[in-house]
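Numbering-wise (the numbering used here), the sequence shown opens with residue 4 and increments by one.
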Amino acid sequence: MPLGVHSDDMVYPQVRKDGGIQITGLENLMRLLARVKKHGVQNANAHEVWDDVPRLAGRSIFSNHAKDSKDLSDLRCSLAEAKLCMTALNDVRDHLAKRIEILQDACIPMVLEDGIKTLPNEILSQIFEHGHDMWWDGKFGTCVSHVSRRFRQVSLMTPILWSTISSFFPDDPIQVFLSCSREKDLEISTLFDCDLSEKSFAKLLRPHLNRVVRLETDDAHALEHIGLTNFPHLRALHCEYPFYVNLSLWHVPLLSDIFAFNMVHGPLEFYSHLTCVDFGFIDGLDTSFLSFSQAASLMTSLRNLSITVSGCSGAVPDSEDIPRSRDFHTVHIETLMINISHSTPRNFVARLYDTLGILFPSTVLLQLTDLVDENPDFLRNSAGNIFPYGSMMNIRLSSVGDTRQSWEQSALLPTLVAACDVVHTLHIEAPMASLFGPRTMAGPVDIDWRLFTSLRHLQLLHCNELYVSDVKQLADNLIIGAEPEAGLQSLEILSCQNVSEYYLSGLGAKVGPEIKWKL
């Protein structure tokens, strides 16, 4: 509803005979604007400006002059006059808003066109490069080259637009891409191509194998069959499908990044060059943690390791002892990401932790989702020791264990910090887990706060078993009562349903900026 007009006072515009809209009160509004132009904008009580009722000129609405019925009649006339002006003003405003919207819609393509026309080719080429980075199928160059003659000229002068090639491309476009990409590095995909051996793809690509830096495939055997194994500058290999991959016959001396759903075998020097590994365990594949552990121990240059375990409900991990060539937490890497989901049993998870115990990552991201077991403790290895260990840890638990009661004894927060004396940043998202152990009528759980010595930043997200008394303990012991140069620098409480904003507001006033919340 327009500002200043009530529903009972609404006067709707009428349609004139010529099809235009007649705005009620427009003449009144025009006279008002003429008075404002003459006298300037004055106080709302200045009747010589605002009113079309001459008798009110020079008199105050709140003066003692307004006593009899004639004064009341004048005031009501003035009120009706003001409402008519407001109605007209709202109608004009609505029409102006629509007009502005129409003009903006008309201007935008012309402004863009004018801007593009004046844009130097070098800048337009950079814009195309960013567009190419956002497309996954390599067809961005083809699309922009069909827009206009200038776009085609600029795109053909931008080699990177033609550097992503799929085996599904017809022969002629492949030749165009290889030519237009000039000496740029190539990204090649043969994903889901069952007819690879029947195409001339290998013949077209072979002279350019030294330019291939990224390869996506779901059938390494098919590549071997057509003789595509010599990639002297290949840096990233993406093996999409869970087939056994053996790179012993491949020439990939610079390979550093690999994604695979099954073990990738190769010569010893192959493992030592890997810096980024993304590996998956999926149901239906034989799992040898011994082989995986041996391969991991050879990755001496490893910086980032990502592991996905999905649906291994029927998987039976091998029972062979895993020889430990190094002590726990002695191999430094930057990030360790683990995502375990879909009914994977606890013994499978524990064996995975056994193979990764030598790692000391700076950042640990552990996500456990939809895991049901009589024993919900999916954070421990086969020896019963807590696995997550790193300077920064992000632990996310969702639907882990069969019931909420399964986690009542967990005391998740002190358990995690007790097992990792180097953690300075800890993020926990655990709707079902008790952070401090079982709640009793006797009072707060006794906690050894010395375990938290290294912790500086704590974020608790969707921790629905967190209560006001728990937050009070954290604030009293790790912020208010902390030793100098110790304690929490930030405590974030985010969407924890049993902690009220009222309490957090009061605590924030007492504690200061160290505590943050969002409910």
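Positions of the beta carbon are idealized from the N, C-alpha and C atoms, including for glycine.
| Check | Outcome |
| --- | --- |
| Simplified DSSP assignment, three categories, for His460 | strand |
| Proximal residues to Leu35 (C-beta, below 6 Å), its chain only, five neighbours per side dropped | Cys88 |
| Proximity winner among Phe172, Ile177, Gly144, Asn501, relative to Pro162 (alpha-carbon distances) | Gly144 |
| Paired residues, beta bridge with Phe131 - DSSP | For Phe131, which the question treats as bridged, DSSP gives no partner whatsoever. |
| Extent of the continuous beta strand (DSSP E) run through Asp260 | 260-263 |
| Counted within 10 angstroms of its Cβ, other Cβ atoms place Leu522 as buried (16 or more) or exposed | exposed |
| Span separating the alpha-carbon of Val312 from that of Asp324 | 21 Å |
| Buried or exposed (CB count within 10 angstroms, at least 16 for buried), Val255 | buried |
| Leu463 vs Cys499 beta-carbon contact at 9 Å | yes |
| Beta-carbon gap between Ala436 and Leu415 smaller than 9 Å | yes |
| Three or more C-beta pairs below 8 Å linking the stretch 115-130 and the stretch 94-107 | no |
| Sub-9 Å separation of Tyr392 and Pro364 beta-carbons | yes |
| Host alpha helix (DSSP H) of Cys279 (start-end) | Per DSSP, Cys279 belongs to no alpha helix (DSSP H); it is in the beta strand (DSSP E), 279-285. |
| Cα-Cα separation, Asn114 to Gln107 | For the sequence presented, residue 114 should be read as Val rather than Asn. Cα to Cα, the separation comes out at about 10 Å. |
| Contact set for Tyr274: own chain, Cβ-Cβ below 7 Å, skip 5 residues either direction | Ala298, Leu301, Met302 |
| Exposure of Met210, with buried meaning 16 or more beta-carbon neighbours within 10 Å | Looking at the sequence itself, residue 210 is Pro, so the reference to Met does not match. The residue in question, Pro210, is exposed, as its Cβ has fewer than 16 Cβ neighbours within 10 Å. |
| Member of Ala263, Ala109, Leu362, Leu181 whose CA lies at the smallest distance from the CA of Thr338 | Leu362 |
| Alpha carbon of Ser170 to alpha carbon of Leu438, nearest angstrom | 52 Å |
| Residue from Val334, Leu250, Arg214, Lys475 with nearest C-alpha to Lys187 | Arg214 |
| Ala109 beta carbon less than 9 Å from that of Gly28 | no |
| Residues that DSSP places opposite Ile496 in a beta bridge | Leu463, Trp520 |
| Element boundaries [beta strand (DSSP E), containing Asp373] | 362-374 |
| Contacting residues, own chain, Cβ-Cβ under 6 Å from Arg399 (five flanking each side not counted) | Gln370, Glu432 |
| His241 - DSSP class collapsed to helix/strand/coil | strand |
| For Leu429 and Leu461, believed in contact at Cβ under 8 Å, the rounded distance | 5 Å |
| Residue ranges of each beta strand (DSSP E) within the stretch 142-211, 3 or longer | 167-169, 189-192 |
| Ile285 versus Phe351: straight-line alpha-carbon distance, rounded | 12 Å |
| Bridge partners - Asp335, DSSP secondary structure assignment | Sequence inspection shows His at residue 335; the Asp mentioned does not correspond to that position. Per DSSP, Phe363. |
| In DSSP terms, what Val312 is bridged to | Phe284, Ile343 |
| Bridge-paired residues (DSSP) for Arg530 | Nothing can be reported for residue 530, as the shown portion of the chain is limited to 4 through 522. |
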